[in-house]
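Take any residue in the sequence shown, note its place counting from 1, add 8, and you have its number in my numbering. Right, one structure below, let's go through it.
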Amino acid sequence: MTVHHLNELLLICSLVLLVAVAAVRVSSRSGLPSLLIYLGIGVAIGQDGIGVSFNDVGLTQIIGYAALVVILAEGGLGTKWHEIKPALPAAAVLSTLGVAISVGVTAAAAHYLAGVEWRQALIIGAVVSSTDAAAVFSVLRNIPLPARLTGVLEAESGFNDAPVVILVVAFSAAGPVDDWYVLMGRIALELAIGAAAGLAIGTLGAYGLRHVALPASGLYPIAVMAIAVSAYAAGALAHGSGFLAVYLAALVLGNAKLPHWPATRGFAEGLGWIAQIGMFVLLGLLVTPHELGDDIVPALVVGLVLTMVARPLSVFLGLAPFRTPWREKTLLSWAGLRGAVPIVLATIPMVGGVADSRRIFNIVFVLVIVYTLVQGPTLPWLARRLRLGENEPEDLGIESAPLERLRGHLLSVAIPEGSKMHGVEVSELRLPAGAAVTLVVRDGSSFVPSPSTVLRQGDELLVVATDPVRDATERRLRAVGEGGKLAGWLGTASAAPAGATAAGPSAAASAAAKWGAKWGLVKRK
9 MTVHHLNELL LICSLVLLVA VAAVRVSSRS GLPSLLIYLG IGVAIGQDGI
59 GVSFNDVGLT QIIGYAALVV ILAEGGLGTK WHEIKPALPA AAVLSTLGVA
109 ISVGVTAAAA HYLAGVEWRQ ALIIGAVVSS TDAAAVFSVL RNIPLPARLT
159 GVLEAESGFN DAPVVILVVA FSAAGPVDDW YVLMGRIALE LAIGAAAGLA
209 IGTLGAYGLR HVALPASGLY PIAVMAIAVS AYAAGALAHG SGFLAVYLAA
259 LVLGNAKLPH WPATRGFAEG LGWIAQIGMF VLLGLLVTPH ELGDDIVPAL
309 VVGLVLTMVA RPLSVFLGLA PFRTPWREKT LLSWAGLRGA VPIVLATIPM
359 VGGVADSRRI FNIVFVLVIV YTLVQGPTLP WLARRLRLGE NEPEDLGIES
409 APLERLRGHL LSVAIPEGSK MHGVEVSELR LPAGAAVTLV VRDGSSFVPS
459 PSTVLRQGDE LLVVATDPVR DATERRLRAV GEGGKLAGWL GTASAAPAGA
509 TAAGPSAAAS AAAKWGAKWG LVKRK
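Structure, rendered in structure tokens:
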């Protein structure tokens, strides 16, 4: 490659990125998942469009893996632990038993209804049984679902890539397929190694970033992403699940209250968009549309069984022990979105030289396109019909900038719409000794507040806290945001008022709760 070729490549890539960014706007207005537009851009550039010839399956697989690492890292960084924690058992079952059920049912449909040989049918069943993290995360940003459902879907999409990749690689290997109990043992071992690597690296990385002051705020996002990617590499090199490792490491980092977190979150989200755009465009380039004709009907048949039988069966059977309401199971059944992950996984048998691997890729590609067109736009409608949409108030946006020389922290607090901090006076925040509100920004103007200043939604506060009370200050701010000025006294949050004794908050909260219930201020549970 010469400098001239580099210039041409940069021009083409920048134009593609600009078109893709504009496509996000179209996607948000039309309800169509953006991945379809990105794939369309790749197809338009390819052999049946502008005429760019691209057939490097190996390069596509490598870039697809790298993009999935970034997408899983971005998803883990944006996942809230308090939402995902109650959903972990259900998500673990859906990612293991649910995947097994889906693979079996879909493979049987591919074999008996579409006439595909058993090995190829098992590969198709495994490939399409993974929900796509990019599709799930992007759709959930626009649907106000209850936290318990969001937690299940996010955790499942982060967890189920690992066992599916192991199955696809096993089915695509030369020679006979291992017995089922050997596969189960291998999956369990790789998941355990990946989980250990991800949790260990994420915990060590979070500790280091919280205790080592970097000279520039822009270094924090780079360090966070480097730690997450290193978890993938370490897990994979240890013969574990790198995808599970990167998701868990990012999950730990995302809930560790790191300095300059909003900047880190924005940086990761931008990388996630670039990864999605690059991966989808490249997959679109790999497709030759005029070769898809013979595989449309088999793809529709397999996709219909996957969507209407395999996915609902895996959800209803897998969640039977959890007593999940049928409405939530119905939504979870329809929310098993596919995207780039199945298409990337479909390149594994192509690289491995499996017979009819091109047909497998075409079937998976058509299936993903058609059923994403059906499921993505209808998911918000189904949530409303099932009465599962919730408009929950946003969490306070708190950014911490360490002040090393002063042994303190500067907290930037944004009061969102619906926050119960609205109407609270500064003195009623009852911040710990060593913390104070130093500035309020309201409607573009800033002023130093007095103790009687009433806070409003949309305000931005600058709070200075000494190092020993930094965490207590943030807990108190979040408690007031969730429970108002009486937070802590009425049991609405774990944070206790400043200066309370160990026995005081419990007794006071109990008395206040009884008094509030008596006069109808607090509902008894």
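Backbone N, C-alpha and C define an ideal beta-carbon position, used for all residues, glycine too.
Inside the stretch 240 to 291 only - beta strand (DSSP E) runs reaching at least 3 residues
none
May I ask which residues mark the beginning and end of the beta strand (DSSP E) holding H430?
Per DSSP, H430 belongs to no beta strand (DSSP E) and is neither H nor E.
Taking DSSP as the reference, what is the three-state secondary structure of V313?
helix
Cutting at 6 Å between CB atoms, please list the residues of its own chain near V232, excluding the five before and the five after it.
L261, T272
Supposed close pair A129, A118 - CB separation, criterion 8 Å
4 Å
Just tell me which of P306, T338, V77 has its CA closest to the CA of M316.
T338
Tell me, please, whether the stretch 301 to 317 touches the stretch 375 to 394 by the rule of three or more beta-carbon pairs shorter than 8 Å.
yes
State the DSSP-derived secondary structure class of V472, mapped to helix, strand or coil.
strand
Under a three-way DSSP split, which group does T461 fall into?
coil
Enclosing beta strand (DSSP E) for F455 [first to last residue]
453 to 455
Under 8 Å by Cβ, that's how I've got A348 and L291 pegged, so tell me the actual separation to the nearest angstrom.
6 Å
Out of L259, R218, P270, G206, which one is the CA nearest neighbour of A241?
G206
Quick check: the stretch 184 to 196 against the stretch 215 to 222, are at least 3 beta-carbon pairs closer than 8 Å?
no
How big is the Cα-Cα spacing for N263 and Y189?
36 Å
Can you give me the Cβ contacts of T474 inside the same chain, cut-off strictly under 6 Å, excluding the 5 residues immediately before and after it?
G416, G442
Roughly how many angstroms lie between the CA atoms of P152 and N15, to the nearest whole one?
44 Å
Do you know whose CA, among H90, A214, S180, lies nearest W269's CA?
A214
Tell me whether L419 counts as near the ligand NAD, meaning its Cβ is closer than 7 Å to at least one heavy atom of that ligand.
What this structure holds is no ligand at all, so the ligand NAD is not there to describe.
Could you tell me which whole alpha helix (DSSP H) segments of length 4 or greater appear in the stretch 296 to 352?
304 to 313, 319 to 326, 334 to 342
What's the C-alpha gap between A178 and A343?
27 Å
Does the distance from the C-beta atom of T104 to that of I132 stay below 8 Å?
no
Beta-carbon spacing of I285, Y46 below 8 Å:
yes
Check each candidate in L437, P457, G466 and name the one with the smallest Cα separation from G492.
L437
R484 classed as buried or exposed, judged by whether at least 16 other C-beta atoms fall within 10 angstroms
buried
How would you call K93, buried or exposed, if buried means at least 16 neighbouring beta carbons within 10 angstroms?
exposed
Give me, in chain order, the residues of the same chain whose beta-carbon lies closer than 7 Å to that of W126; leave out the 5 immediate sequence neighbours on both sides.
H119
What's the call for T446, buried or exposed, on a 16-neighbour Cβ count within 10 Å?
exposed
Which one or two residues does DSSP pair with V445 in a beta bridge?
V471
Taking Cβ positions, are P350 and V376 nearer each other than 8 Å?
yes
For G57, the three-state DSSP class (helix, strand or coil)
coil
Hey, L463 and V432: beta-carbon distance below 8 Å or not?
yes
If you drop the 5 nearest sequence neighbours on each side, which residues of the same chain put their C-beta closer than 6 Å to that of A236?
A81, V254, A257, A258
Residue range of the unbroken beta strand (DSSP E) whose run includes G416:
416 to 422
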